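Protein chains: 2
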Amino acid sequence: MSSQQAVAEALHQARSVLILSHTNPDGDAVGSALGLMWALRSLRLRAHVALPDPVPANLTFLPGANSVGGQELVDDQDVCVVLDSSSPQHVGDLFEYATARECRVINVDHHVTNVRFGHVNWINPACPAVAQMIYWLLPLLGVSPDPKIATCLLTGFVTDTNGFSTPNTTPRLLHDAAELVTAGAPLADIIREAHLNRSLAQVRLWAQALQSLCFEDGIVWTVNTPAMRRAAGATERDSSGLSTFLLTIREAHMAASFTVLDDGRIRVSLRARPGYDVAAVAARFGGGGHPPAAGATLDGPLDEAVTLVISAMKAQVADYSATVEQP
Amino acid sequence: MSSQQAVAEALHQARSVLILSHTNPDGDAVGSALGLMWALRSLRLRAHVALPDPVPANLTFLPGANSVGGQELVDDQDVCVVLDSSSPQHVGDLFEYATARECRVINVDHHVTNVRFGHVNWINPACPAVAQMIYWLLPLLGVSPDPKIATCLLTGFVTDTNGFSTPNTTPRLLHDAAELVTAGAPLADIIREAHLNRSLAQVRLWAQALQSLCFEDGIVWTVNTPAMRRAAGATERDSSGLSTFLLTIREAHMAASFTVLDDGRIRVSLRARPGYDVAAVAARFGGGGHPPAAGATLDGPLDEAVTLVISAMKAQVADYSATVEQP
């Protein structure tokens with residue numbers, strides 16, 4: 000029996016299912032959880048979604064978003080499904096709380112680093128989104144996607160592939176997306192609500208940060224400070240997305256967004272085009288990530304942190320140039 | 000014989016083909032033209048692409064982009080294919096020049112307003128991109144998409160659907176996109192190069208324009224001036240895309256980007272969420288467009304133009320609110 004079949008089997012034997020996912024839930028966490036919830040409910044199973052943090056504003060449009068809760072939803076469930084979480088730590092205290100009782104743990108994830116903490120584990124790193132794994136589960140559960148299920152799952156596809164723009168967006172994912180649109184998922188609405196959705200405060204913060212825009216040797220960067228956030232009515236999290244935006248500048252090989260945190264430390268978010276490696280840059284400052292997207296937190300002062308990180312990035316760009324110019 | 004078959008038939012009888020498209024060519028114009036060029040060349044037909052304006056910077060990555068020319072490519076072609084152009088005027092003087100000789104004109108377009116100016120006309124307003132029509136033509140031509148053809152056509156899909164985000168993005172388009180990825184089109188690269196690609200000067204201009212960001216009654220707007228463009232090293236065209244960006248603000252029902260042109264007039268670009276109608280607003284000022292995207296050019300002074308347009312937009316928002324609140 001494949002691990003995918005084992006998951007379907009365990010769900011068929013369930014009486015009541017609690018679905019969990021990771022802290023700071025994104026579109027794939029919330030979308031795959033709610034998609035599975037609606038699929039199980041269509042089989043007249045009891046199913047609830049509990050998350051360690053609230054559903055973010057860009058995902059409240061999802062059908063069932065207002066039914067998502069926290070540990071108050073932990074009851075007498077006999078099965079816990081954990082989605083999109085490479086280890087129990089990603090679910091926080093909620094995992095311990097939910098699994099303290101006699102309860103079968105089903106672990107469905109697409110992170111290659113998954114530590115296989117479930118009684119049943121289905122890990123598929125080839126899937127760009129866990130929502131695609133849930134979509135593949137539907138026929139094994141005997142469920143046809145209705146518009147609610149389709150909307151939730153397609154939201155996972157759209158957000159985890161950054162609008163079908165990540166290199167792991169496969170033909171199969173596009174075919175599956177087409178089927179979800181056929182099943183009633185409103186793709187244009189999903190992209191607008193879940194993917195291209197910024198708050199006024201966030202755009203006001205970006206406007207201020209972009210005033211400090213610097214460009215040297217193929218590297219573009221900005222800085223945002225607590226004073227800017229106060230002026231914009233924004234939070235530390237509102238600077239997220241800015242490094243990705245900066246990398247849309249065609250002259251840039253790499254981009255960095257420096258955030259002076261409220262505690263005075265400097266968080267830097269790094270992005271790079273294919274061929275460049277900002278994970279190596281982040282690692283020099285105790286951070287981590289992947290070659291195209293990484294981050295680190297440094298002690299201040301700001302000027303020193305910027306100088307250190309930009310120097311390391313310039314060295315990376317020079318390394319790359321030296322490599323490609325070799326005979 | 001369907002009009003699609005008539006196009007294939009006319010191309011099969013051709014000796015040498017000139018492919019034309021519209022002024023200010025976008026990703027669908029250049030992508031569908033180059034895709035058709037490579038398809039015809041794979042049949043050992045002579046084929047060239049001539050455009051009234053240069054290929055824009057975000058499309059120079061397309062295979063064959065450097066072979067695109069202007070009227071110097073007009074030779075003894077016996078067939079002219081005009082793509083993505085609802086009338087000859089959209090092709091400018093190049094159309095008259097190219098068709099002055101004995102020459103069969105094939106008109107392939109997806110605009111409902113097409114005036115059917117060709118000897119053969121294939122108009123399909125249900126297609127989000129003309130590149131999809133060219134994709135459907137391939138089997139009738141006996142051509143399988145190679146990576147070059149696939150890359151050019153998928154670029155048309157991505158740009159004309161604004162990254163699969165327009166409401167006319169059909170399941171069929173997603174299935175066809177999947178097939179083009181299978182045929183070798185690098186979707187991630189295409190989105191990065193053709194769709195999410197801004198110049199440093201453009202982002203510097205946006206940063207300045209966003210300083211003037213205003214928000215009232217669900218309407219967000221910015222202004223950019225010749226002085227800002229000089230400071231940013233930007234042109235009038237660099238303000239394009241800003242109204243679309245503004246509408247990603249979740250609090251906004253409608254967005255407006257005012258550009259003070261070099262001649263002192265005021266161009267306003269308008270965007271609206273589903274249910275709202277900025278074409279009606281633009282029409283009041285002699286402009287035009289569609290309910291979600293429209294524009295107009297007004298005489299100055301700036302303050303007066305902003306007041307007039309924002310008042311008209313507020314009236315639209317109020318109308319809409321009154322409609323949806325009716326019992």
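Going down the list, the protein sequences come from chains Y and B. Position one of the first sequence corresponds to residue 0 (numbering that gives the first Met the number 0), numbered consecutively onward. Position one of the second sequence corresponds to residue 0 (numbering that gives the first Met the number 0), numbered consecutively onward. The C-beta atom is built at its ideal place from N, Cα and C for all residues, glycine as well. Computed from a predicted structure; not experimentally measured.
>> I need the DSSP call for Met253/B, collapsed to helix, strand or coil.
In response: strand
>> Residues of chain B with CB closer than 9 angstroms to the CB of Val202/Y, please, in chain order.
In response: Leu209, Leu212, Val219, Phe244, Leu245, Thr247 and Ile248
> Over what stretch of residues does the alpha helix (DSSP H) that includes Leu172/Y continue unbroken?
Replying inline: Pro170 to Thr181
>> Residues of chain B with CB closer than 7 angstroms to the CB of His174/Y, please, in chain order.
In response: What His174/Y touches in chain B: His174 and Ala177.
> Can you list, in chain order, the residues of its chain whose CB lies under 8 angstroms from that of Pro326/B, leaving out five sequence neighbours each side?
Replying inline: Any reading at Pro326/B is ruled out, since the residue's pLDDT is 47, under 50, leaving its predicted position unreliable.
>> To the nearest angstrom, how far is the alpha carbon of Arg283/Y from that of Val277/Y?
In response: 10 angstroms
>> Does Cys213/B pass the burial test, meaning 16 or more other C-beta atoms within 10 Å, or should it be called exposed?
In response: exposed
>> Whole angstroms are fine: how far does the CA of Phe94/Y sit from the CA of Gln88/Y?
In response: 8 angstroms
> What is the DSSP secondary structure of Phe156/Y, counted as helix, strand or coil?
Replying inline: helix
>> Quick test of your reading: Met312/B and Met227/B, contact by CB under 8 angstroms. State the CB separation rounded to the nearest angstrom.
In response: Not quite, the Cβ-Cβ distance comes to about 23 angstroms (not below 8 angstroms), so this is no contact.
> Touch check for the stretch 143 to 163 of chain B and the stretch 37 to 46 of chain B: three-plus C-beta pairs under 8 angstroms?
Replying inline: yes
>> For the stretch 174 to 182 of chain Y against the stretch 52 to 66 of chain Y, do three or more pairs of beta-carbon atoms, one drawn from each stretch, fall closer than 8 angstroms, so that the two count as touching?
In response: Three or more beta-carbon pairs separated by less than 8 angstroms are not found between the stretch 174 to 182 of chain Y and the stretch 52 to 66 of chain Y, which leaves the two stretches without contact.
> Quick one: complete beta strand (DSSP E) runs, 3+ long, within the stretch 15 to 70 of chain B?
Replying inline: Those beta strand (DSSP E) runs which fall completely within the stretch 15 to 70 of chain B and span 3+ residues are 15 to 19 and 45 to 49.
> Under 9 angstroms between the Cβ atoms of Val119/Y and Leu19/Y?
Replying inline: no
> Does the beta carbon of Pro326/Y come closer than 9 angstroms to any beta carbon on chain B?
Replying inline: Reliability of the predicted coordinates at Pro326/Y is poor, the pLDDT of 47 falling under 50, and the value obtained from them is presented with this limitation in mind. No, Pro326/Y does not count as interfacial toward chain B.
> So which residues of chain B does Gly162/Y contact, with C-beta pairs closer than 8 angstroms?
Replying inline: From the beta-carbon of Gly162/Y, the residues of chain B found nearer than 8 angstroms are Gly162, Phe163, Ser164 and Ile190.
> Are the CB atoms of Ile105/B and Ala9/B nearer to each other than 9 angstroms?
Replying inline: Cβ atoms of Ile105/B and Ala9/B: closer than 9 angstroms.
> Could one say the Cβ of Ser239/B lies closer than 9 angstroms to chain Y's Cβ atoms, at least one of them?
Replying inline: no
>> For a test of the three-state rule: what should DSSP assign to Phe94/B, helix, strand or coil?
In response: helix
>> On a Cα-Cα basis, can you pick out the residue from Glu250/Y, Arg191/Y and Ser238/Y that is closest to Gly217/Y?
In response: For Gly217/Y, the closest of Glu250/Y, Arg191/Y and Ser238/Y by C-alpha to C-alpha distance is Glu250/Y.
>> Contact defined as beta carbons within less than 8 angstroms: I believe Val90/Y pairs with Pro51/Y. What is the distance between those atoms, to the nearest angstrom?
In response: 6 angstroms
>> Strictly below 8 angstroms CB to CB, what residues from chain B border Val180/Y?
In response: Thr168, Thr169, Pro170 and Leu173
> Along chain Y, in chain order, which residues have C-beta atoms closer than 8 angstroms to that of Arg197/B?
Replying inline: Thr247, Ile248 and Arg249
>> Residues of chain B with CB closer than 7 angstroms to the CB of Leu186/Y, please, in chain order.
In response: Phe163 and Thr168
> When you compare each of Leu260/B, Ile190/B and Val305/B to Val157/B by their alpha carbons, which one comes out closest?
Replying inline: By alpha-carbon distance to Val157/B, the top candidate from Leu260/B, Ile190/B and Val305/B is Ile190/B.
> According to the neighbour-count rule (16 or more other Cβ atoms, all chains shown, within 10 Å of its Cβ), is Leu137/Y buried or exposed?
Replying inline: buried
> Roughly how many angstroms separate the alpha carbons of Ile265/B and Gly69/Y, rounded to a whole number?
Replying inline: 52 angstroms
>> Among Glu303/Y, Pro124/Y and Ala200/Y, whose alpha-carbon lies nearest the alpha-carbon of Gly263/Y?
In response: Glu303/Y
> In chain Y, what lies closer than 7 angstroms to Ala278/B by C-beta?
Replying inline: Result: empty, since nearest Cβ-Cβ is about 18 angstroms, beyond 7 angstroms.
>> Counting only beta-carbon separations shorter than 9 angstroms, does Trp121/B have a partner in chain Y?
In response: Trp121/B does not count as touching chain Y.
>> Rounding to the nearest angstrom, what Cα-Cα distance links Thr296/Y and Leu152/B in this structure?
In response: Taking the Cα positions, Thr296/Y is about 43 angstroms away from Leu152/B.
> For Arg197/Y, which three-state DSSP category applies?
Replying inline: Here Arg197/Y sits in strand by DSSP.
> At a Cβ cut of 9 angstroms, what residues of the stretch 45 to 72 of chain B count as close to chain Y, listed as they run along the chain?
Replying inline: Ala56 and Asn57
>> For Gln210/Y and Val305/Y, I'd like the C-alpha separation in whole angstroms.
In response: 16 angstroms
> How many whole angstroms separate the CB atoms of Thr160/Y and Leu172/Y, which I take to be in contact at a CB cut-off of 8 angstroms?
Replying inline: 7 angstroms
>> Using CA atoms only, rank isn't needed, just tell me which of Ser1/Y, Val259/Y and Val129/Y is closest to Leu139/Y.
In response: Ser1/Y
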